[in-house]
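Residue numbers (the numbering used here): 288 to 373.
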Amino acid sequence: MGPSRIGKELANLHVNYEKLEPCPLEWLEKRSVPLSYRVDDKMRLSKDKRSLKVNESLMPAGIPPETFEFRLASGARSNGRSTSSK
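As structure tokens, this is what we get:
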């Protein structure tokens with residue numbers, strides 16, 4: 288895929304992301320804690336990268352593995368941090 292085509296696809300995603308079908312996730316709620324959508328401190332990804340702890344009461348699960356194949360730059364690692372030093 289050439290750079291021109293990649294750029295067009297990226298621009299389309301940027302402009303039309305709200306029209307995409309959302310990924311079906313399972314929302315796991317801890318019933319013993321009042322439900323909240325607020326991010327307490329930092330969201331934490333599980334070791335198997337299939338769920339994300341938002342706070343003590345809420346965790347979306349069923350994150351597709353292809354989610355982590357996306358890279359912003361060629362120097363980005365899987366944790367999203369750049370490998371270049373400044």
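We put the CB at the ideal spot given by N, CA and C, even for glycine.
Spanning the alpha carbons of K334 and V302 requires a straight line of approximately 32 Å. Note on L345: 16 or more other CB atoms within 10 angstroms of its CB, so buried under the neighbour-count rule. Where E313 is concerned, there is no enclosing alpha helix (DSSP H), although the beta strand (DSSP E) around it starts and stops at E313 to E316. For P351, same chain residues with a beta-carbon under 7 Å away, outside a window of 5 residues either side, are C310 in chain order. A straight-line Cα-Cα distance of about 16 Å links V320 and D328.
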